[in-house]
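Student: Protein chains in written order, with our numbering: chain E, 7 to 225; chain B, 313 to 431. For each residue, glycine too, the CB sits at the ideal point set by N, CA and C.
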């Protein structure tokens, strides 16, 4: 007996993502899924974001890592709510893992939820978590070749934060080349250059978040 | 990417459907795997072999996995040319501008399965 299914392999993930999306919609919580390779500076960038935006927004963070509470502790030290997901070897967060943590948050009391995915430029891009926006962080020391070498990540994100631009004078990284490579993979994606360490360019990222929040609340 | 966990999802989808239909032994599973899904056919095959051997209450020990590979194709919104994208997915080789949209290669589906009621 042959049974035709034609069912998406990620059906169960996508159902969980819809569950999350509805909760985020009903509670008017803006959710941003941040992805990058390990060491691109996601957590440092989130620390600066929490520091700068906590005056105007109630921010919470879900941290994804294979092991340790280190990243969640760094966010908690700033007074923001953070929940750590440990994947114990899993290379990405999926929507069920996120759904399982949402009970720990009072989403009615949160304006912006950042999900810091497991550091990996491959798998996380394939999983819908129910977020409003997927954002990639790329850092100058990783080199220009990351955009062409990991096209799916940049095809499936709408914003690239090019971090560690304070290191540009010391490394052979071309911002122009990165913009060109990005446009050839995903012409709709935009690139913001910044440094979480020197704070250069951060205002542009914060403005982007504020715009996204306004659109989310108006929905 | 993480083919063992993907195969776990695939077999769960098959198992649930087979349970609903009273099918007890799965003999074949067919997938469509797109070129730009990040899923590797060889690794999926290996994951299938491992999980089948661990689940012989559900699978026949000769159960096979058939993968239909879906090539990536894109077409240019300006000149209409269809092309096979390299890593510069949106770059139309004719117009040389990023005006391409992906037509295929993103499918990742359980197409079908075969099974019987035999114990």
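Applying a beta-carbon distance threshold of less than 7 Å, which residues of chain E neighbour residue 422 of chain B?
Tutor: Within chain E, the residues near residue 422 of chain B are 11, 13, 15.
Student: Can you pull out the residues from the region 184-208 of chain E whose beta carbon lies closer than 8 Å to at least one beta carbon of chain B?
Tutor: Listed by position, the residues of the region 184-208 of chain E near chain B (Cβ gap below 8 Å) are 187, 189, 190, 191, 192, 193.
Student: If distances are taken between C-alpha atoms only, which option among E/115, E/11, E/37, E/132 comes closest to residue 1 of chain E?
Tutor: With chain E running from 7 to 225 in the structure shown, residue 1 of chain E is simply not present.
Student: Leaving out five residues on either side along the sequence, give the residues of the same chain with a beta carbon under 7 Å from the beta carbon of residue 34 of chain E.
Tutor: Hits under 7 Å: 222, 223.
Student: Would you report the Cα separation of residue 173 of chain E and residue 377 of chain B, rounded to the nearest angstrom?
Tutor: Approximately 49 Å, taken between the alpha carbons.
Student: Any idea what DSSP makes of residue 207 of chain E, helix, strand or coil?
Tutor: Three-state DSSP puts residue 207 of chain E in coil, outside helix and strand.
Student: In its own chain, which residues sit with a C-beta less than 6 Å from the C-beta of residue 127 of chain E, not counting the 5 before and 5 after it?
Tutor: 43, 156, 159.
Student: Kindly identify the DSSP beta-bridge partner or partners of residue 92 of chain E.
Tutor: Bridge partners of residue 92 of chain E: E/71.
Student: Residue 71 of chain E: buried (16+ other C-beta within 10 angstroms of its C-beta) or exposed?
Tutor: Counting Cβ neighbours within 10 Å, residue 71 of chain E comes out buried, since at least 16 surround it.
Student: If distances are taken between C-alpha atoms only, which option among E/118, E/8, E/22 comes closest to residue 339 of chain B?
Tutor: Checked all of E/118, E/8, E/22; the closest Cα to residue 339 of chain B is E/8.
Student: List the endpoints of the continuous beta strand (DSSP E) containing residue 38 of chain E.
Tutor: From DSSP, the beta strand (DSSP E) with residue 38 of chain E extends over 36-42.
Student: The alpha helix (DSSP H) spanning residue 33 of chain E covers which residue range?
Tutor: First-last for residue 33 of chain E: undefined, no H or E at that position.
Student: Starting from the N-terminal side, write out each stretch of the alpha helix (DSSP H) that is 4 residues or longer and does not extend beyond the region 390-420 of chain B.
Tutor: The region 390-420 of chain B contains no whole alpha helix (DSSP H) run of 4 or more residues.
Student: Could you name the residues of chain B that residue 44 of chain E contacts, counting a contact when the two beta carbons are closer than 7 Å?
Tutor: Simply none; closest approach about 16 Å.
Student: Take residue 20 of chain E and list the residues in its own chain whose beta-carbon comes closer than 7 Å to its own, dropping the five residues that flank it on each side.
Tutor: For residue 20 of chain E, where only same-chain residues beyond five positions count, the Cβ hits under 7 Å are 14, 134.
Student: Using CA coordinates, which residue listed in E/211, E/85, E/68 is at the minimum distance from residue 113 of chain E?
Tutor: Checking every option, the nearest Cα to that of residue 113 of chain E belongs to E/68.
Student: Return the residues of the region 142-153 of chain E that lie within a Cβ-Cβ distance of less than 7 Å from chain B, sorted by chain order.
Tutor: So the list is empty, because no residue satisfies the distance condition.
Student: Alpha carbon to alpha carbon, how far is residue 124 of chain E from residue 406 of chain B?
Tutor: So the alpha carbons of these two residues sit roughly 38 Å apart.
Student: Nearest to residue 131 of chain E by CA position, among E/26, E/164, E/209, is which residue?
Tutor: The shortest C-alpha separation from residue 131 of chain E is found at E/164.
Student: Looking at the strands, I want to know which residues DSSP matches up with residue 169 of chain E.
Tutor: In DSSP, residue 169 of chain E forms a bridge with E/145.
Student: Taking only beta carbons into account, state which residues of the region 363-377 of chain B come closer than 7 Å to chain E, listed in chain order.
Tutor: Flagged: no residues at all.
Student: Is residue 191 of chain E near residue 210 of chain E, with beta carbons less than 8 Å apart?
Tutor: No.
Student: Would you mind sorting residue 2 of chain E into buried or exposed? The rule is 16 or more other CB atoms within 10 Å of its CB.
Tutor: Because chain E is modelled from 7 through 225, residue 2 of chain E falls outside the range shown and cannot be assessed.
Student: Of all the residues that make up the region 151-177 of chain E, which are near chain B by a beta-carbon distance shorter than 8 Å?
Tutor: Against chain B - using a Cβ distance shorter than 8 Å - the residues of the region 151-177 of chain E are 154, 155, 157, 158, 161.
Student: Exposed or buried, what is residue 91 of chain E when buried is set at 16 or more other beta-carbons lying within 10 Å of its beta-carbon?
Tutor: Looking at its Cβ environment, which holds 16 or more other Cβ atoms inside 10 Å, residue 91 of chain E is buried.
Student: Using only the alpha-carbon positions, how far apart do residue 216 of chain E and residue 418 of chain B sit?
Tutor: Cα to Cα, residue 216 of chain E sits roughly 32 Å from residue 418 of chain B.
Student: Just to confirm, is the Cβ distance from residue 177 of chain E to residue 118 of chain E under 8 Å?
Tutor: The answer is no: Cβ separation not under 8 Å.
Student: Could you compute how far the alpha carbon of residue 345 of chain B sits from the alpha carbon of residue 351 of chain B?
Tutor: Residue 345 of chain B and residue 351 of chain B: Cα-Cα distance of roughly 7 Å.
Student: Going by the beta-carbon positions, is the gap between residue 424 of chain B and residue 382 of chain B smaller than 8 Å?
Tutor: Against a cut-off of 8 Å, the Cβ pair of residue 382 of chain B and residue 424 of chain B comes out as no contact.
Student: Suppose you measure from the CA of residue 152 of chain E to the CA of residue 315 of chain B; what does that come to, to the nearest Å?
Tutor: Cα to Cα, the separation comes out at about 23 Å.
Student: What three-state label does DSSP hand residue 11 of chain E in the structure shown?
Tutor: Residue state, collapsed to three classes: strand.
Student: Please name the residue in B/337, B/356, B/355 whose C-alpha comes closest to that of residue 374 of chain B.
Tutor: Among B/337, B/356, B/355, the Cα nearest to that of residue 374 of chain B is on B/337.
Student: Take the Cβ of residue 175 of chain E as the centre, count every other Cβ of all protein chains shown within 10 Å, and call the residue buried at 16 or more, exposed below.
Tutor: Flag for residue 175 of chain E reads exposed.
Student: Would you say residue 421 of chain B and residue 12 of chain E are within 8 Å of each other, going by their C-beta atoms?
Tutor: In contact: residue 421 of chain B and residue 12 of chain E (Cβ atoms closer than 8 Å).
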